[in-house]
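Student: Each residue of the sequence shown is one higher than the one before, starting from 97 at the first, in our numbering.
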Amino acid sequence: MSNYCYEEERAKEYNSLVFNGGNINDGTETEPDTIPLGSADSNIRILGWLLPQGDTDEYSLTFNVPKDAVNRNQRAKVFVHLLTDNSNTPTGNRFAIRLSSLFARSNGVVNIANINVYNSGNISIQNSPGNFQYNHYVLEFDLDDIIRAEDFALLSIARTSVINDYAGALFLSSIEFRYVSK
Numbered sequence: 097m098s099n100y101c102y103e104e105e106r107a108k109e110y111n112s113l114v115f116n117g118g119n120i121n122d123g124t125e126t127e128p129d130t131i132p133l134g135s136a137d138s139n140i141r142i143l144g145w146l147l148p149q150g151d152t153d154e155y156s157l158t159f160n161v162p163k164d165a166v167n168r169n170q171r172a173k174v175f176v177h178l179l180t181d182n183s184n185t186p187t188g189n190r191f192a193i194r195l196s197s198l199f200a201r202s203n204g205v206v207n208i209a210n211i212n213v214y215n216s217g218n219i220s221i222q223n224s225p226g227n228f229q230y231n232h233y234v235l236e237f238d239l240d241d242i243i244r245a246e247d248f249a250l251l252s253i254a255r256t257s258v259i260n261d262y263a264g265a266l267f268l269s270s271i272e273f274r275y276v277s278k
């Protein structure tokens with residue numbers, strides 16, 4: 097990359113929208129899960145969605161792209177935050193997720209045919225130090241979607257099966273939408 101391109105990229109100002117488990121929906125459940133931190137009876141809990149092995153549910157969120165998003169055919173990034181506790185999991189050491197995205201212009205049509213799909217590939221599970229101690233994974237997706245201010249946005253996460261699939265649950269804790277701002 098030339099110095100000019102590097103400096104131009106650094107000059108962009110990014111803003112983020114961060115959505116926790118309370119903002120994310122599951123088509124079959126009404127409330128997010130919680131996991132305790134430290135011990136089973138801990139009062140400190142993390143809110144999110146458990147995605148067990150074999151789960152086929154979609155975990156979706158909708159929002160409007162903020163007004164400060166640059167309208168110059170900019171692309172956005174999505175960061176998916178997941179946790180695992182594999183201190184007692186007997187099988188599997190990999191997982192994968194799929195991110196689906198859809199953006200519709202103001203006064204435009206929201207159409208499933210316009211969904212873009214991104215696959216994470218196989219992510220290796222790290223050993224947890226102990227029960228109720230979690231490993232944090234951040235998966236970054238560069239969207240092909242061209243976003244504009246005030247677009248309707250839909251992001252959806254699903255677990256996909258892989259060879260040597262992790263037998264434990266992934267915990268979807270948050271999704272970050274990062275965009276170039278004015």
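All residues carry an ideal CB built from backbone N, CA and C; glycine is no exception.
With a cut-off of 8 Å, do at least 3 Cβ pairs link the region 265-276 to the region 208-216?
Tutor: No, because fewer than three Cβ pairs between the region 265-276 and the region 208-216 fall closer than 8 Å, the two stretches do not touch.
Student: Should Leu113 and Pro162 be called a contact, given that it needs their Cβ atoms to be closer than 8 Å?
Tutor: In the sequence shown, residue 113 corresponds to position 17, counting from 1. In the sequence shown, residue 162 corresponds to position 66, counting from 1. Yes, Cβ-Cβ distance for Leu113 and Pro162 is below 8 Å.
Student: Within 10 angstroms of the Cβ of Cys101, are there 16 or more other Cβ atoms? Answer buried if so, exposed if not.
Tutor: Sequence index remark: in the sequence shown, residue 101 carries index 5 (1-based). Note on Cys101: pLDDT 48, under 50, position unreliable in the model; no value is reported.
Student: Express the C-alpha separation of Ile271 and Pro128 in angstroms, rounding to a whole number.
Tutor: The count along the sequence shown starts at 1 and reaches residue 128 at position 32. The count along the sequence shown starts at 1 and reaches residue 271 at position 175. In a straight line, the C-alpha of Pro128 is about 14 Å away from that of Ile271.
Student: Looking only at its chain, what residues have a beta carbon closer than 6 Å to the beta carbon of Ser156, apart from the 5 residues adjacent to it on each side?
Tutor: By one-based count along the sequence shown, residue 156 stands at place 60. Excluding positions up to five away in sequence, the list reads Asn121, Ser252.
Student: Measuring CA to CA, which of Leu250, Gln229, Asn182, Asn215 is closest to Ala136?
Tutor: Counting from 1 along the sequence shown, the entry for residue 136 is found at position 40. Looking at the Cα atoms, Gln229 is the closest of the given residues.
Student: Please name the residue in Ile131, Pro148, Leu147 whose C-alpha comes closest to that of Ile310.
Tutor: Residue 310 lies beyond the range of the chain shown here (97 to 278); nothing can be said about it.
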